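Position one of the sequence shown corresponds to residue 427 (our numbering), numbered consecutively onward.
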Amino acid sequence: MSKPHESNQLTRDRVNFHDRIIELRNKGRDIPDVVPYPGNPTRLVVRNQLVTRLDRPLFDQARTVFIEGDDARTDRSKLKAKAKVIAVCRCNPNLVLLEGEQDSEAHLLTGDIAIQYSPDTEQPPPPPPKVTKSSANDVQFSPDTEQPPPPPPRVKKSSDGSDSVVPIRPASFDQQLRRILARSARWSGYPIVAVMDTGIDFAYPNVESIPILHNGGHPMCGSIEPDYIGWDFVHDQNNPYDDDERSKHGSRIAAIISRVSQALNRPVRILPLKVIDREGIGLLFNIFCGFEYLLSSHLRERPTIINASWGFYDSVENDLMTQYVTRLQRAKIWLINAAGNRGDLDPGQTVNLDIDKRYPACYSSQFANVVTVTTVNSMNNGFAVAENFSPTFVNVGIGSGQDAMFQEPLVDLPGLPPVKGSSYATPYASAFAALQARLPNKNSTRKALLRAMPNQGLISSLNAFIADGLLVPVE
């Protein structure tokens, strides 16, 4: 078995996914102003934005604040910035996104950060809150492959018995709500898988009938807007529509989970959460707001599994993310996470996560609720990892046959190109995990979860790339 080409963090001066995001921005796409983080070659953040967790909510009238802390480039100097309050998390008002003025370099603020109110409020404000944790607003990109296949046409076979196909009109949000509400009692015993991704588009044959969790239309985390079937944290509204016309990433994830679970006669309900935008870009603040939603008392039923086909490259742990993964483990929620793809950092090359860390994938060594997934393809002389790998952090390889690709999940039509990437291996693991009633209490429970997956086996030649060489073939 040939060893994948490993990336080397110490010698890299270019990062492929950084370049691709900047290319999109230069083409006039709606892309945040991103910048590499100093001293951390794989990390990409939004310029001048700072995610803050406070010990209490901001003063209601606060729209502008002053922040001061250490400069991440040196521990000997301070950095000050005037910042606007860009967003406040609905499910936890202590989680706030700030954006400093142009050239303020607010994204570099670190250490003990002090916050002061602007004096232009209409009435004297109370003492300002304390910043308990903070982070730059990290950026992740889900390119799938160097050239991801576009979503298939919205078609289905004609009902007249012929082999012709007819177009499907996109189902309206109201139509889908009526369908989901009418069937929610029938689906009530199904396990729940939260898909944190680009949302869901019901206009495809294999998505239009997926069982979806109905949240009852109750106000979302105390606000006045009703929550029916999940949330769009990118646009902050209650229709988690998948507007990713490039690949319909979230819809494909949901379709795989539903197809696999129903094939095994153990259907699940999907809770779609849109945390990634139409370009495939996910921001740390939106991810954290999604976590707060799942951990809140707002949901009538809490999912047992999160499918997270995304990740952030970072040479060190993010303290805020560590806190969220800790809370998810305490809530007994599995976090099934993609290892990342060939070409993420260097064109055509897989990434050894022992060298170039990616989170949440690399939390699997600390937290028993994190399961990290990659793709494995079969070869004439054995098996090979097709995407990112690590004997320390990657827990399972999903076998994809000889082409390292998976069947198009949105439409069952011959001749459609397959999909590729650990993003699409991950929902197989999520579906298999949903078949079991195991809770993530400790590492031995995770091991039992993995060993109970269908047709799993230990492949000694994969030991250098996947923990225990665990392989679950699906194609």
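The beta-carbon is built from N, C-alpha and C at its ideal position, and this holds for glycine as well. Bear in mind the structure is a predicted one, so any value in this text is a computation, not a measurement.
- When the Cα atoms are used, Pro555 and Leu521 turn out to be separated by approximately 12 Å.
- Taking all protein chains in view, the Cβ of Ala611 is surrounded by fewer than 16 other Cβ atoms within 10 Å, so the residue is classified as exposed.
- The region 792-811 and the region 825-836 touch, with three or more beta-carbon pairs separated by less than 8 Å.
- With respect to Val751, Leu876 sits apart: the two C-beta atoms are not nearer than 9 Å.
- A distance below 6 Å between beta-carbons, with the five flanking residues on each side excluded, links Arg753 to the following residues of its chain, in chain order: Leu721.
- For Leu521, the beta-bridge partners assigned by DSSP are Arg479.
- Taking C-alpha positions only, Leu897 is separated from Ser649 by approximately 45 Å.
- DSSP links Pro467 through a beta bridge to no other residue.
- Between the region 835-846 and the region 655-664, the count of C-beta pairs closer than 8 Å stays below three; the two stretches do not touch.
- DSSP places Tyr654 in the coil class of the three-state scheme, outside both helix and strand.
- Note that the region 467-487 touches the region 706-723; at least 3 beta-carbon pairs, one per stretch, sit closer than 8 Å.
- In the structure shown, Lys873 adopts helical secondary structure according to DSSP, grouped into three states.
- Around the Cβ of Asp529, a 10 Å sphere holds fewer than 16 other Cβ atoms; the residue is exposed.
- Residue pairing by DSSP leaves Glu634 without any beta bridge partner.
- Thr468 is the residue among Glu651, Thr468, Pro652 whose C-alpha sits nearest the C-alpha of Val742.
- Judged by their CB atoms, Asn795 and Pro853 are not nearer to each other than the 9 Å cut-off.
- Fewer than three Cβ pairs drawn from the region 766-782 and the region 481-499 lie within less than 8 Å of each other, which leaves the two stretches out of contact.
- In the three-state scheme derived from DSSP, where H, G and I count as helix and E and B as strand, Gln792 is classed as coil.
- With the rule of 3 Cβ pairs closer than 8 Å, the region 732-746 counts as touching the region 621-641.
- Per DSSP, Gln566 is one residue of the beta strand (DSSP E) stretching across 557-567.
- Closest option to Pro576, judged by alpha-carbon separation, among Ser848, Leu861, Pro844, Lys783: Pro844.
- In this structure, the alpha-carbon of Gly656 lies about 29 Å from that of Ala488.
- Ranked by how close their Cα comes to the Cα of Phe858, the residues Val694, Asp600, Cys647, Arg672 have Val694 in first place.
- Runs of beta strand (DSSP E) with 3 or more residues, each lying fully within the region 730-813, are found at 731-734, 760-764, 796-805, 808-811, listed in chain order.
- In this structure, Ala764 places its C-beta atom within 9 Å of the C-beta atom of Gly847.
- Counting C-beta pairs with one atom in each stretch, the region 680-689 and the region 440-448 have fewer than three that are closer than 8 Å, which means they do not touch.
- In the three-state reduction of the DSSP assignment, Asn474 falls in the strand class.
- Take Ile885, set aside five residues on each side of it, and the residues of its chain with a beta-carbon closer than 7 Å to its own are Phe809, Gly895, Leu897, in chain order.
- Rounded to the nearest whole angstrom, the C-alpha separation of Arg451 and Asn442 is 14 Å.
- With contacts defined by Cβ atoms closer than 9 Å, Glu531 and Lys510 do not form a contacting pair.
- Of all alpha-carbon atoms in Trp736, Trp760, Asn814, Phe738, the one lying nearest the alpha-carbon of Pro773 is that of Asn814.
- Shown here for Asp703: same chain residues with a beta carbon closer than 7 Å to its own, the five before and five after excluded, namely Val660 in chain order.
- In the structure shown, Val694 adopts coil according to DSSP, grouped into three states.
- Considering only Gln688, Tyr543, Lys868, Ile707, the residue with the shortest C-alpha distance to Asp456 is Ile707.
- Exposed is the label assigned to Ser614, since fewer than 16 other Cβ atoms lie within 10 Å of its Cβ.
- Where Glu449 is concerned, the enclosing alpha helix (DSSP H) starts and stops at 442-452.
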